[in-house]
Structure formats: C-alpha cells, structure tokens
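Number of protein chains: 2
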Amino acid sequence: MTLTPGARRILDVASVLFYEHGIHAVGVDTIAAESGVTKRTLYDRFGSKDALVADYLRARDERWRAHVVAAVEAESDPVRRALAPFAALEDWVAEGAGRGCAFVNAFAELDRPDHPGRAVIHDEKRWLRALFATELAGAGVADAPGLALQLLVLHEGALVTHAVAAEPAALRAAGDAARLLVDAARA
Amino acid sequence: MTLTPGARRILDVASVLFYEHGIHAVGVDTIAAESGVTKRTLYDRFGSKDALVADYLRARDERWRAHVVAAVEAESDPVRRALAPFAALEDWVAEGAGRGCAFVNAFAELDRPDHPGRAVIHDEKRWLRALFATELAGAGVADAPGLALQLLVLHEGALVTHAVAAEPAALRAAGDAARLLVDAARA
DNA sequence: CCTCCACTACACTGATCTGTGAAGCCCGAC
DNA sequence: GTCGGGCTTCACAGATCAGTGTAGTGGAGG
C-alpha cells in the first residue's frame, strides 16, 4: 500500500482537482501535468482513471474516518461522543471542504453502479451510521439504529446545505437539532 | 416561454439523461439523436449546452415547486402544512427520483460559480427554506427562520441519504425527526 | 403567391478525452 | 556489474467533445 513518490503526488493532485472541479471535468493529462509526472507514469501506477478515482475516494475516506474517530475519542461523556461527528464537521469544513461532501459529489457523477468508486461511497455512509449507532447505544438510547439514521440524515444534510445553499449556519443548526433529538430519546 | 415541438422534446430528453447519468457524461450529440432532432436545431433553440443545462434545472425546479405547493395547500392544520414537504418527498422519490437531488448533483458538476445553472440551484434551496419559515411562523413557532434551516437540512439530508446510502427509510426518518423538532418548538 | 420559421442534412473544425507502444535514463540493491 | 523499477520522452490511436456554416425542405398564415 506504500505509494511511490510519483504516485503520491498524482494522488494528492487528483484529490484536490477532483474535489474542486468534479471528476469528469478533470482530465488525466491535467492531473499528470500538475503532478510533474508523465501520463505514462500515471497509468503505470493506477491502471485507469476509474481506479484513480476509487483511490481518491479511498484516501479521502481514510482521512475523514481518522478525523471523526479522533473527535469521538476526545470526548468521554456518552452524549458528547455521539454528537462529536457534528463538531468534527465544522473543523473539516474550515479546513477546506467548501464544495460539499466529496462522496455525495462523486455519487452524482458515477452513474454506473459497478464503478469501483461506488462501493467506497456506500461504505463511508454505512460506517458513519454504524458509528452513530454504537455511540448512541452507549449513551443509553433505546432505538439506537433508528436514531442513528436520523443523525446520519442531519449530518449529510448539514454538509450539503452548507455548500449548495451557501449557508454556513447549517452546520451548527444540524448539531443543535441532533442534540435535541438525542436528549428527547434519552428522556 | 412556449417551446417549439422540437425544443420540448430536447428538453424532456435532456432532463432524463442529465438526471440519470450526470451533466458532463451526456453529450449534445446524444441528446439530439435521442430527441429525433439534429444538433443544429438544438443549438438554434438553446444556444449552448450551458443554457440547456440551466433550462433543464429551471424546468425541474418548476415541477418540484408545484408538487410541494400542492402538498402544502392540501393540508389545513398548520403543523401538517409545515411538514408537508417531507410527505411530498416520498411521492417525488416514488415517481423516479432514485438518483438523489438533481440540484445537489448539478452543483457537484458545475464548479464555475458563474454558470447559469448555479443561480437556479441556489434559488431552489432558498425558496424551500422560505416556505418552511412561512409555514412555521403560521404554526406559531417562535424562531421560525432558525427551525426552517433545520428542516431544510433534514430535507436535503433525506434525499441524499436515500440515494447515496441506498437507505429507503431515510425519508420517513427525516419526517419523524422534523415532526419532533416542530413539536418541541411549539411546546 | 410569398414569406416566415421550425427543422433537416451533412460536412467540418479544433480541441480534448482515455489509453497505449516502444525506447531509454538513472539509481539503488544484490 | 548487472538487474529491476521508477520514471521520462514522445508519438500515436480512436473516440468524443461543443459548436458552426451552408444549403435546402415543408407547412402554416398573411
């Protein structure tokens, strides 16, 4: 899994360009040129654009999960742990996620269900829902899976609304709503 | 605003193809061929692909607003009116919106802020939030604009989660959460 | 009859797309 | 000193991209 220096640069450049401009809008020639690498190297390392796209999503997924897990682990109070992903979202956006959720955006562009990136997208959402469910169960919520789905909906909506509606207050609003739902479920 | 027969067909075909496969993935040649029209006609009627994309979004926006307004007007109870867009979402999805929110998807592909479609997308989200705010105020909610933003987040999240996470229960979960938030705000 | 217009036919531009083939260079490891 | 691998160079394939120019057809309305 260790990438060669060239492959590392390609993946880094591709990640920025895919996220910022969309997948179809960025050609492999651009990625290669911007990485200071020939197109030959790109294909020798990744095999195809589709595979590179999947690797882009995998790499972003890894970073995102680490970010969320760190935010959860930093809390000890069960309720605060369950709501930590909403706090994590605020840092994440502040660090440059102004174009919304990369996975939602990729889903919009990858219409073929068998595209290698689709599985990564699907897994990312399932993972977050499962994390919510685990933490909610730990917080003594009765229907943890059901509430987890509601928190996932709020979470997705927060990032999307923040970007698409250009509404910075969406993140805080989602976090507040999530807290109210959790409190109601524990009462 | 009345379209010629050819233009009508082009717009109908483009709407399906753009929504189902994405904007960049569908070429004008395909749209023209599928409409049983020459590319010349397409350009004579719409001027450019960007303009056609904007018209696609405008047309979908119109249908969507009419659908939501009908759902709201069908209710008399103030709370049910405010929550009507969530019910409307279920019909909408059942009628074939399996690829998520067309506006969110388009946002993912249109990276240029000056693209003519971007204004349509932005307006659609602002409109729905304003509708929520109006109905919530009518239902006697104190901070109607604030709660309207939360309902918008739930609404966006519902459609996205339904499609991206392949989770049909997301719609109902969002509606339930919305009702709980509204009830809490009226207590 | 004549004019307008929606539309066809079709050839073409120039750019860009993903992906490949063949040759060779440099450097570290064995 | 030889071998492998990370990488370059560059030419090229074949398709598809958005968009245009020119000429002509057929029908509806004045």
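These protein sequence lines are chains A and B, in that order.
Numbered by the numbering used here, the letters in the first sequence go through residues 175 to 361 in order.
Numbered by the numbering used here, the letters in the second sequence go through residues 175 to 361 in order.
Glycine residues also receive a C-beta, built at the ideal position from the N, C-alpha and C atoms.
On a predicted model such as this, the values are computed, not experimentally measured, just so you know.
Residues of its chain near residue i, where Cβ-Cβ distance is below 6 Å and the 5 sequence neighbours each way are ignored
i: ASP357 of chain B; result: none
i: LEU325 of chain A; result: PHE306 and ALA352
i: ALA258 of chain B; result: ALA245, VAL246 and GLU249
i: GLY349 of chain B; result: PHE260
Buried or exposed by the 16-neighbour rule on C-beta atoms within 10 Å, applied to residue i
i: ALA248 of chain B; result: exposed
i: GLY291 of chain A; result: buried
i: ASP229 of chain A; result: buried
i: THR176 of chain B; result: exposed
i: LYS213 of chain A; result: exposed
i: SER189 of chain B; result: buried
i: THR335 of chain A; result: buried
i: PRO287 of chain B; result: exposed
i: PRO179 of chain B; result: exposed
i: SER250 of chain B; result: exposed
i: ARG182 of chain A; result: exposed
i: SER209 of chain A; result: buried
i: ALA268 of chain B; result: exposed
i: GLU194 of chain B; result: exposed
i: GLU236 of chain B; result: exposed
i: GLY201 of chain A; result: exposed
i: PRO270 of chain B; result: Residue 270 of chain B is actually Gly in this sequence, not Pro. With fewer than 16 Cβ atoms within 10 Å of its Cβ, GLY270 of chain B is classed as exposed.
i: GLY331 of chain B; result: buried
i: GLY272 of chain B; result: exposed
is_contact[residue i, chain B] using C-beta, thresh 9 Å
i: ASP288 of chain A; result: no
i: ALA343 of chain A; result: yes
i: HIS198 of chain A; result: yes
i: VAL334 of chain A; result: yes
i: ARG300 of chain A; result: yes
i: VAL278 of chain A; result: yes
i: GLY272 of chain A; result: no
i: ALA256 of chain A; result: no
i: ARG303 of chain A; result: yes
i: GLY291 of chain A; result: no
i: HIS195 of chain A; result: yes
i: GLU330 of chain A; result: yes
i: LEU231 of chain A; result: no
i: LEU354 of chain A; result: yes
i: ALA358 of chain A; result: yes
i: ALA347 of chain A; result: yes
Neighbourhood of residue i by C-beta, 7 Å cutoff - its chain only, sequence neighbours within 5 removed
i: ALA351 of chain A; result: LEU328
i: ALA304 of chain B; result: none
i: PHE281 of chain B; result: ILE295
i: ALA318 of chain A; result: ALA307, LEU310 and ALA311
i: GLU264 of chain A; result: LEU345
i: ALA256 of chain A; result: PHE306, GLU309, LEU310, ALA313 and VAL356
i: ALA337 of chain B; result: GLY272, ARG273 and GLY274
i: LEU323 of chain A; result: ARG303
Start-to-end residues for the alpha helix (DSSP H) that takes in residue i
i: PRO252 of chain B; result: 252 to 268
i: GLY349 of chain B; result: 343 to 360
i: THR204 of chain B; result: 202 to 209
i: ALA172 of chain B; result: Because chain B is modelled from 175 through 361, residue 172 of chain B falls outside the range shown and cannot be assessed.
i: LEU333 of chain B; result: 318 to 338
i: THR178 of chain A; result: Where THR178 of chain A is concerned, there is no enclosing alpha helix (DSSP H), given that its DSSP letter is neither H nor E.
i: ASP218 of chain B; result: 213 to 220
i: ALA245 of chain B; result: 223 to 247
i: ALA282 of chain A; result: 276 to 283
8 Å Cβ shell around residue i - same chain, five flanking residues per side excluded
i: GLU283 of chain B; result: GLY196, ILE197 and HIS198
i: ARG232 of chain A; result: VAL294
i: TRP266 of chain A; result: TRP238 and HIS241
i: ARG360 of chain A; result: VAL253, ALA313, GLY314 and VAL315
i: ILE184 of chain B; result: ILE205, ALA206, SER209, VAL211, THR215, LEU216, ARG219, PHE220 and LEU226
i: LYS223 of chain A; result: VAL202
i: LEU191 of chain B; result: VAL200, THR204, ILE205 and GLU208
Residue-level contact to chain A via CB, residue i, 9 Å cutoff
i: VAL327 of chain B; result: yes
i: ASP350 of chain B; result: yes
i: VAL338 of chain B; result: yes
i: ILE205 of chain B; result: no
i: LEU323 of chain B; result: yes
i: PHE281 of chain B; result: yes
i: PHE296 of chain B; result: The identity of residue 296 of chain B in the sequence shown is His, whereas the question assumes Phe. So, interface residue.
i: LEU310 of chain B; result: no
i: ALA318 of chain B; result: no
i: ALA228 of chain B; result: no
i: ASP285 of chain B; result: yes
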